[in-house]
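Engineer: Protein chains in written order, with this note's numbering: chain A, 45 to 122; chain B, 304 to 554. Every residue, glycine too, gets a C-beta built ideally from N, C-alpha and C.
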Amino acid sequence: MTAIRAALAELVGMFIDDGQLALTLIALIAAVTLAVKIAGIGGLAGGLVLLAGCILLLLESVYRDARRKAAKRDEGPG
Amino acid sequence: MTSLTTITSTVTASFLASFVEVVEAFTIILAVGLSRGWRPAFTGTALALAVLGGLILLLGPLLSLIPLHLLQFAIGVLLILFGMRWLRKAILRAAGFIAIHDEEKAFAEGTDLLKRQAADRRADFLAATAAFKAVLLEGVEVVFIVIAVGAGRGLIGYASLGAAAACLLVLAIGLVVHRPLSRVPENTLKFVVGVMLTSFGIFWTGEGLGANWPGADAALIAIALLILAVALTAVRLLRGLGAAKLEAISR
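1) Could you give the uninterrupted runs of the alpha helix (DSSP H) lying entirely in the segment 465 to 514 of chain B, keeping only those of 4 residues or more?
2) Check the Cβ-Cβ distances between B/D388 and every residue of chain A, and say whether any is below 9 Å.
3) Could you tell me the distance, in whole angstroms, from the CA atom of B/L350 to the CA atom of B/R342?
4) Which residues in the same chain have their Cβ closer than 7 Å to the Cβ of B/A316, if we skip the five residues on either side of it in sequence?
5) State buried or exposed for A/L102, treating a residue as buried only when at least 16 other CB atoms are found within 10 Å of its CB.
6) Return no unless some Cβ of chain A is closer than 9 Å to the Cβ of B/P517.
7) Identify which residue in B/L360, B/G336 and B/I505 has its Cα closest to the Cα of B/L381.
8) Identify every run of the alpha helix (DSSP H) within the segment 386 to 458 of chain B, keeping only runs that are complete inside it and at least 4 residues long; order them along the chain.
9) When the Cα of B/L492 is compared with those of B/V354, B/I403, B/A514 and B/G340, which residue comes out closest?
10) List, in chain order, every chain A residue whose beta-carbon is nearer than 7 Å to that of B/T508.
11) What residues of chain B sit near A/T77, judged by a beta carbon separation below 7 Å?
12) Between B/A398 and chain A, is there a C-beta pair that is closer than 9 Å?
13) With a threshold of 16 other CB atoms inside 10 Å of the CB of B/E407, please say whether the residue is buried or exposed.
14) Candidates B/Y461, B/P483 and B/V487: which alpha carbon is nearest B/I290's?
15) Considering only their Cβ atoms, is the gap separating A/L78 from A/C98 smaller than 9 Å?
16) How should B/E441 be labelled, buried or exposed, when 16 other C-beta atoms within 10 angstroms of its C-beta is the threshold for buried?
17) Under the rule that 16 or more other beta-carbon atoms within 10 Å means buried, what is B/R419, buried or exposed?
18) Rounded to whole angstroms, what is the Cα-Cα separation between B/I459 and A/D118?
19) If you measure from the beta carbon of A/A24 to each beta carbon in chain B, is any gap under 9 Å?
20) Chain B partners of A/L88, CB-CB under 8 Å?
21) Give me, in chain order, the residues of the same chain whose beta-carbon lies closer than 6 Å to that of B/F322; leave out the 5 immediate sequence neighbours on both sides.
22) Touch check for the segment 86 to 93 of chain A and the segment 419 to 428 of chain B: three-plus C-beta pairs under 8 Å?
23) Output needed in chain order: residues of the segment 447 to 459 of chain B with a Cβ under 8 Å from some Cβ in chain A.
24) Quick check: what's the CA-CA separation for B/F376 versus A/L65?
25) Is DSSP giving B/I322 helix, strand or coil here?
26) Output the distance between the C-alpha atoms of A/G122 and A/K113, rounded to the nearest integer angstrom.
27) Expressed to the nearest angstrom, what Euclidean distance is found between the alpha-carbon atoms of B/E327 and A/L67?
28) The alpha helix (DSSP H) with B/I359 in it runs from where to where?
29) I'd like the list of long-range same chain contacts for B/A532, defined as Cβ closer than 6 Å, with 5 residues on each side in sequence excluded.
Encoded structure:
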């Protein structure tokens, strides 16, 4: 059971490292899919929104993590 | 028709990503081989390769049953998650916020653990398990990468060639140097692979949604260059953030 759980955790870990980033990426993809399929914004427009969204989310994620790590460094080992 | 751009990007992405994964698995196999002997190292490796082979035989035929647009979309979404994870870590490592992965350290830790287990009567079994686990975990990632970069255009054969070339190259270098491949610029490779996989992911997902990218397959290169430029800028800005913090502390 432990081995299966560990294997599953490894499998999930292949795709999810920063949970917030993964969730917002999935929300972005879902929103773009709905916009293309229901609102009819067009495939290319959807693709471009996806590209811009992914870039913004990546920047937000690395900036958030860097700030958190820098703050931890400031606090020091004590 | 599949363009040369797509074939080249597929083989390159598969080769580089697999190279990084195989280097990590090789470090553990080497630690097992040098500290417990080559029998448990090869037994664990062979068993893991057999499981991976079974996985490919099981999943391979299923892929042909999925409609292409749906397959591109599903693989694209997984590639975005997978590629962004690599790229995010590579950016943070390059900017100095996460320690660089060190194969010498991983080798020393593996060897140390195996030495501590040497008195255990199951020492050979534990050593073989360590090799099995390393090859299986890194191998699953290689299988995913091959399927992900290859399936969207029916290029699994080319992607497999890239992965096989990476395995052979690591094996050949390993046989010559007989030590962990610590001089491989792992983070640079991960940075490039992260950019490529994320670009593939956005490109496939867009195609799955019906996007006719301008320039067709050449758009993949444009997306990759844009993401590379953003990632490099992020590294510069984050380095600045780190330096500013250090300056503030020293005042």
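Structural biologist: Let me spell this out:
1) If one requires a minimum length of 4 residues, the alpha helix (DSSP H) runs lying completely within the segment 465 to 514 of chain B are 489 to 511, in chain order.
2) Here the question's residue 388 of chain B lines up with position 85 in the second sequence. Before going further, note that residue 388 of chain B is Arg rather than Asp in the sequence given. Closer than 9 Å: yes.
3) Along the second sequence, one-based indexing puts residue 350 of chain B at 47. Along the second sequence, one-based indexing puts residue 342 of chain B at 39. Cα-Cα distance, rounded: 12 Å.
4) Indexing the second sequence from 1 puts residue 316 of chain B at position 13. Leaving aside the five residues that flank B/A316 on each side, the residues in its chain whose CB is nearer than 7 Å to its CB run, in chain order, V452, V496, M499, L500 and F503.
5) On the first sequence, residue 102 of chain A is found 58 positions in, with the first residue counted as 1. Within a 10 Å sphere around the beta-carbon of A/L102 sit 16 or more other beta-carbons, which makes this residue buried.
6) Mapped onto the second sequence, residue 517 of chain B falls at position 214. By this cut-off, B/P517 is an interface position.
7) Counted from its first residue, the second sequence places residue 381 of chain B at position 78. B/L381 has its Cα closest to that of B/I505, out of B/L360, B/G336 and B/I505.
8) With a minimum length of 4 residues, the continuous alpha helix (DSSP H) runs that stay inside the segment 386 to 458 of chain B are 406 to 419 and 426 to 454.
9) Counting from 1 along the second sequence, the entry for residue 492 of chain B is found at position 189. For the residues B/V354, B/I403, B/A514 and B/G340, the minimum Cα distance to B/L492 belongs to B/I403.
10) Numbered from 1 along the second sequence, position 205 holds the residue referred to as residue 508 of chain B. For the C-beta of B/T508, the chain A residues within less than 7 Å are, from N- to C-terminus, I73 and L94.
11) Counting from 1 along the first sequence, the entry for residue 77 of chain A is found at position 33. Neighbours of A/T77 on chain B, chain order: L512.
12) One-based indexing of the second sequence puts residue 398 of chain B at position 95. The beta carbon of B/A398 falls within 9 Å of a beta carbon belonging to chain A, placing the residue at that interface.
13) By 1-based counting over the second sequence, the position of residue 407 of chain B is 104. B/E407 should be labelled exposed.
14) Beyond the ends of chain B as shown, which are 304 and 554, falls residue 290 of chain B; an answer cannot be given.
15) In the first sequence, the residue the question calls residue 98 of chain A occupies position 54. In the first sequence, the residue the question calls residue 78 of chain A occupies position 34. Result no, Cβ atoms of A/C98 and A/L78 do not sit closer than 9 Å.
16) Numbered from its first residue, the second sequence carries residue 441 of chain B at position 138. Looking at its Cβ environment, which holds 16 or more other Cβ atoms inside 10 Å, B/E441 is buried.
17) Against the second sequence, residue 419 of chain B aligns to sequence position 116. With fewer than 16 Cβ atoms within 10 Å of its Cβ, B/R419 is classed as exposed.
18) Here residue 459 of chain B is taken as the residue at index 156 of the second sequence, counted from 1. Here residue 118 of chain A is taken as the residue at index 74 of the first sequence, counted from 1. Looking at the two C-alpha atoms, the distance is approximately 48 Å.
19) With chain A covering only 45 through 122, there is no way to say anything about residue 24 of chain A.
20) Translated into positions along the first sequence, residue 88 of chain A becomes position 44. By Cβ distance, chain B contributes G509, A514, N515, W516 and P517.
21) For the purposes of this step, residue 322 of chain B is taken as residue 19 along the second sequence, with counting starting at 1. So the qualifying residues of the chain are A469.
22) Contact between the segment 86 to 93 of chain A and the segment 419 to 428 of chain B is absent, because fewer than three Cβ pairs lie under 8 Å.
23) Here the close residues are F447.
24) For the purposes of this step, residue 376 of chain B is taken as the residue at position 73 of the second sequence. For the purposes of this step, residue 65 of chain A is taken as the residue at position 21 of the first sequence. Each residue's Cα considered, the two are about 19 Å apart.
25) By 1-based counting over the second sequence, the position of residue 322 of chain B is 19. Checking the sequence shown, residue 322 of chain B turns out to be Phe, not Ile. If DSSP states are grouped into helix, strand and coil, B/F322 belongs with the helices.
26) In the first sequence, counting from the first residue as 1, residue 122 of chain A sits at position 78. In the first sequence, counting from the first residue as 1, residue 113 of chain A sits at position 69. Bear in mind that the predicted position of A/G122 carries a pLDDT of just 48, short of 50, making it too unreliable to give a figure here.
27) Translated into positions along the second sequence, residue 327 of chain B becomes position 24. Translated into positions along the first sequence, residue 67 of chain A becomes position 23. Approximately 28 Å between the Cα atoms of the pair.
28) The count along the second sequence starts at 1 and reaches residue 359 of chain B at position 56. W341 to L366 is the extent of the alpha helix (DSSP H) around B/I359.
29) Within the second sequence, numbered from 1, the residue matching residue 532 of chain B stands at position 229. Cβ within range, chain order: n/a, list empty.
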